[in-house]
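First to last, the protein sequences are chains U and X.
First residue of the first sequence: 0, per numbering that gives the first Met the number 0; consecutive thereafter.
First residue of the second sequence: 0, per numbering that gives the first Met the number 0; consecutive thereafter.
We treat Cβ as the ideally placed atom computed from N, Cα and C, and that holds for glycine.
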Amino acid sequence: MENIIEIKNLCFSYPADEGETPVQVLKNVNLEIKKGEFMAILGHNGSGKSTLAKHINGILLPTSGTVTVDGISTADEEKIFDLRCRAGMVFQNPDNQIVSSVVEEDVAFALENLGVPYEEMRKRVDDALKDVNMYEYRNHSPAQLSGGQKQRIAIAGIIAMKPECIILDEPTAMLDPQGRKEVMAVIKRMNREHGITIVLITHYMDEAAQCGRVVVMDKGNVIFDDAPKAVFSHVEDVKAIGLDVPQAAELAWELRKAGYDIPQDILTEDECAEAIKHLFERE
Amino acid sequence: MAILETQELTYVYSEGSPFQKTAVDNVSLKINEGEMIGVMGHTGSGKSTLIQHFNGLLKPTSGKILLDGEDIWADKKKIRDVRFKVGLVFQYPEYQIFEETVYKDIAFGPKNMGLDDKEIKRRILETANDLGLKEELLQRSPFDLSGGQKRRVAIAGVMAMNPKVLILDEPTAGLDPAGRDKILGHIKKYHERTKNTILIVSHSMEDIAGFADRILVMNKAKLFCFDETEKVFARAEEISKIGLDVPQVTKIFLKLKEQGLDFGKDVYTMEYAKNLLLKKLSERGGV
Chain U
0 MENIIEIKNL CFSYPADEGE TPVQVLKNVN LEIKKGEFMA ILGHNGSGKS TLAKHINGIL
60 LPTSGTVTVD GISTADEEKI FDLRCRAGMV FQNPDNQIVS SVVEEDVAFA LENLGVPYEE
120 MRKRVDDALK DVNMYEYRNH SPAQLSGGQK QRIAIAGIIA MKPECIILDE PTAMLDPQGR
180 KEVMAVIKRM NREHGITIVL ITHYMDEAAQ CGRVVVMDKG NVIFDDAPKA VFSHVEDVKA
240 IGLDVPQAAE LAWELRKAGY DIPQDILTED ECAEAIKHLF ERE
Chain X
0 MAILETQELT YVYSEGSPFQ KTAVDNVSLK INEGEMIGVM GHTGSGKSTL IQHFNGLLKP
60 TSGKILLDGE DIWADKKKIR DVRFKVGLVF QYPEYQIFEE TVYKDIAFGP KNMGLDDKEI
120 KRRILETAND LGLKEELLQR SPFDLSGGQK RRVAIAGVMA MNPKVLILDE PTAGLDPAGR
180 DKILGHIKKY HERTKNTILI VSHSMEDIAG FADRILVMNK AKLFCFDETE KVFARAEEIS
240 KIGLDVPQVT KIFLKLKEQG LDFGKDVYTM EYAKNLLLKK LSERGGV
C-alpha cells in the first residue's frame with residue numbers, strides 16, 4: 000500500500016517569548032501512514048501528540064523537516080486548501096466546531112465554501128448524515144443535540160468533503176460512555192467502508208486497542224510504533240510515561256510476572272478470560 | 000446523621016409546555032456527614048439536575064431538600080448561606096477563572112463570605128497545599144498555568160470556602176491517566192484533612208471504585224440505586240445495560256462466571272483481581 004501521510008525529520012518549537020529559549024515540542028519525528036490505515040496516537044498531556052496532529056493538515060508548519068499528505072507538502076501555501084480537502088480534522092470540543100443553527104447547513108458549510116454545485120452538495124450532505132446515523136436530525140438545531148451527536152455532525156461535515164484521511168484530536172474526551180461508543184462506531188465504519196485513513200488521538204486505551212496500529216509519543220518523540228497487542232505488552236514502559244494499559248493486558252502481565260504461563264499479547268476481556276480459564280483447567 | 004437529605008424530590012423542566020420533561024422523579028435519599036459519594040448516570044439521566052438542587056441552584060417542583068435537617072427553601076433569604084455550605088464545582092471549572100493572580104482567584108469565594116484577610120490567607124495556603132499548588136504559583140496569573148494547574152486553582156476556589164458538602168462534576172474530564180490520578184489524590188487529601196462530605200460525578204467506574212464509600216446511580220430521572228460500592232458493582236451487568244461503563248476487570252470476571260469459573264465475589268479493582276487470582280492459583284499448587 001502506498002503512503003498517504005509522510006512525516007520526515009519533523010521538529011517543531013512554539014515561538015518563545017523574548018529572553019526565553021524555545022521549547023522543542025516535536026523532536027525529529029518520522030512516521031509513514033499508509034492509505035486506509037487506522038492508527039491511534041497516545042501520549043500524556045504535553046507529549047506533543049496534538050501538535051503532531053496539527054501538522055498533518057497544515058494548521059502548524061514544521062520548524063524543520065517536512066510533512067506531506069498525498070504528495071502535497073503542508074508548507075506549500077498555494078495548495079493548502081487542496082491539502083485540507085484531503086485531510087480533515089475533528090477537534091475535542093463539539094461546541095467549538097459547530098457553526099450553523101441547522102444540522103444540515105452545518106454539514107454543508109465546507110462544501111459551500113468550496114463552491115460545490117447544489118445537486119451534488121445536497122447528495123453529499125445527505126450521504127454524510129446517513130453515514131453518521133444523523134439523517135433524521137438534519138433539520139434539528141445542533142444546540143439540542145447531545146455531545147456524541149454533535150461530534151458525529153462534525154465528522155459528517157468532514158466526510159462530505161470526501162477526504163482521504165481524517166485526524167481526530169481526542170474526539171471522545173468530553174463525551175459520556177454512550178457518546179463515545181457512537182463516535183467510535185462511526186469512525187470505524189468510515190475506515191472499513193470508505194477506506195478513509197484514520198489518525199485517532201486519544202487518552203482511552205480501549206479505543207487505541209481497537210486500532211490497527213498504535214503510536215506512543217513521549218517528550219516529543221515516538222517511543223512505540225506497533226500493533227496494539229505489541230505496544231500494550233510493554234506494561235511497565237507504558238505506565239512509566241503516565242499512560243494506562245487496558246486492564247486485561249495488565250492483569251495478564253501481573254500473572255506472568257508471578258511466573259504463570261500466560262500469553263504476552265492479551266488485549267481484550269475475551270482473551271484474558273480465556274487465558275485465565277486455561278490456567279485453572281490445567282492439571 | 001444525614002447532612003443532606005432529599006424527600007420525594009421531583010423536578011420538571013418547562014412545565015406546561017410541549018417540551019415538558021421530568022428530569023428528577025421522586026428521589027429520596029440521605030447522605031451522611033463525612034461520606035465520599037460517587038455519582039453516576041449517563042447523559043440525560045438527571046444526575047446534573049439532581050446535584051444542582053443540592054445547593055439551591057434549582058428549586059424542586061415538588062419535594063424537599065434538607066441540609067443539616069433544615070429545609071433549604073424554608074426561608075428564601077437564607078439560600079445564600081446554603082451556597083456557602085454546599086460548594087459546587089462545575090465541569091471544566093478552569094473556564095470560570097477570571098482574576099489577575101491565582102491568589103485573588105482562590106480568594107474570591109472566601110471574600111464573599113465576609114472572612115477577614117488573615118483567615119482568607121490561611122485558607123488559601125491550606126487548600127493550595129491540598130491541591131499541590133506551590134506557593135510561588137499564587138502570585139502568577141492563572142492564565143499562564145497549564146490546563147491541569149488551572150483546574151486545580153478553580154477547585155481550590157471552592158474548597159477554600161470550606162463547604163460542609165463539596166460536589167464536583169466530572170473533575171477529571173479530559174485529563175490523561177496520570178492527571179486523573181493526581182486530581183483524585185488531591186481531593187482525597189482534602190477529604191482527609193477536613194472530613195467534609197464529598198460527592199464526585201464521574202463516568203468512570205474505575206475512578207469511582209478507588210474512592211467512594213457509596214455510589215449513587217441515576218437512570219431515566221429515577222434513583223437506580225444508592226448503596227455501598229461493592230454492592231453496586233455486584234450489579235455490574237444491570238449497570239452496563241443502562242449505558243454505564245463497567246471496569247474491564249469486572250467484565251473479565253463476568254465472562255469467567257459465564258463459563259463456569261465462579262470466584263464467588265464480584266471484582267472491580269485491579270488490585271483485588273490480581274490478589275484473588277494469585278491466591279486461588281497458589282491453592283491449586285502455584286506455578
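Here's the rule: buried if 16 or more other CB atoms are within 10 angstroms of the residue's CB, otherwise exposed. What is residue i?
{"i": "His52/X", "result": "buried"}
{"i": "Glu280/U", "result": "exposed"}
{"i": "Lys84/X", "result": "buried"}
{"i": "Pro245/U", "result": "buried"}
{"i": "Phe142/X", "result": "exposed"}
{"i": "Pro141/U", "result": "buried"}
{"i": "Leu82/U", "result": "buried"}
{"i": "Ala208/U", "result": "buried"}
{"i": "Leu167/U", "result": "buried"}
Determine the DSSP secondary structure at residue i, reduced to helix, strand or coil.
{"i": "Ile318/U", "result": "Shown here, chain U extends from 0 to 282; a query on residue 318/U therefore has no answer."}
{"i": "Cys84/U", "result": "helix"}
{"i": "Thr249/X", "result": "helix"}
{"i": "Asp24/X", "result": "strand"}
{"i": "Ile240/U", "result": "coil"}
{"i": "Asp130/U", "result": "helix"}
{"i": "Val28/U", "result": "strand"}
{"i": "Glu69/X", "result": "strand"}
{"i": "Leu167/X", "result": "strand"}
{"i": "Gln143/U", "result": "helix"}
{"i": "Asn31/X", "result": "strand"}
{"i": "Tyr10/X", "result": "strand"}
{"i": "Gly62/X", "result": "strand"}
{"i": "Gly194/U", "result": "coil"}
{"i": "Asp225/U", "result": "strand"}
{"i": "Glu98/X", "result": "coil"}
{"i": "Val68/U", "result": "strand"}
{"i": "Ile154/X", "result": "helix"}
Less than 8 Å separating the beta-carbons of residue i and residue j?
{"i": "Gly55/X", "j": "Phe107/X", "result": "no"}
{"i": "Val24/U", "j": "Leu9/U", "result": "no"}
{"i": "Ile214/X", "j": "Gly37/X", "result": "yes"}
{"i": "Val292/U", "j": "Ile4/U", "result": "Because chain U is modelled from 0 through 282, residue 292/U falls outside the range shown and cannot be assessed."}
{"i": "Ile96/X", "j": "Lys110/X", "result": "no"}
{"i": "Leu137/X", "j": "Val88/X", "result": "no"}
{"i": "Lys279/X", "j": "Phe262/X", "result": "yes"}
{"i": "His185/X", "j": "Leu130/X", "result": "yes"}
{"i": "Met189/U", "j": "Asp130/U", "result": "yes"}
{"i": "Glu76/U", "j": "Arg212/U", "result": "no"}
{"i": "Tyr91/X", "j": "Ala172/X", "result": "yes"}
{"i": "Ala248/U", "j": "Ala274/U", "result": "no"}
{"i": "Leu60/U", "j": "Ala74/U", "result": "yes"}
{"i": "Glu103/U", "j": "Val124/U", "result": "yes"}
{"i": "Met204/X", "j": "Pro246/X", "result": "yes"}
Does the CB of residue i have a neighbour CB from chain X at under 8 Å?
{"i": "Ser63/U", "result": "no"}
{"i": "Glu268/U", "result": "yes"}
{"i": "Asp225/U", "result": "no"}
{"i": "Ile275/U", "result": "yes"}
{"i": "Gln177/U", "result": "yes"}
{"i": "Tyr259/U", "result": "yes"}
{"i": "Asp243/U", "result": "yes"}
{"i": "Phe279/U", "result": "yes"}
{"i": "Leu138/U", "result": "What sits at residue 138/U in the sequence shown is Asn, not Leu. No - not a single Cβ of chain X is within 8 Å of the one on Asn138/U."}
Bridge partners for residue i per DSSP, in chain order?
{"i": "Gln23/U", "result": "Ser12/U"}
{"i": "Val38/X", "result": "Val200/X and Leu215/X"}
{"i": "Phe225/X", "result": "Leu215/X"}
{"i": "Leu144/X", "result": "The partner list for Leu144/X (beta bridge, DSSP) is empty, contrary to what the question assumes."}
{"i": "Lys33/U", "result": "Asn2/U"}
{"i": "Asn220/U", "result": "Asp217/U"}
At a Cβ threshold of 8 Å, is residue i touching chain U?
{"i": "Val190/X", "result": "With the sequence shown as reference, residue 190/X is identified as His, and Val is not the correct amino acid for it. So, not an interface residue."}
{"i": "Lys46/X", "result": "no"}
{"i": "Val248/X", "result": "yes"}
{"i": "Gly242/X", "result": "yes"}
{"i": "Lys76/X", "result": "no"}
{"i": "Leu3/X", "result": "no"}
{"i": "Asp206/X", "result": "no"}
{"i": "Leu49/X", "result": "no"}
{"i": "Met39/X", "result": "no"}
{"i": "Lys117/X", "result": "no"}
{"i": "Gly178/X", "result": "yes"}
Residues of chain C with CB under 7 Å from residue i, in chain order?
{"i": "Cys271/U", "result": "No chain C appears in the structure shown, which is made up of the protein chains U and X."}
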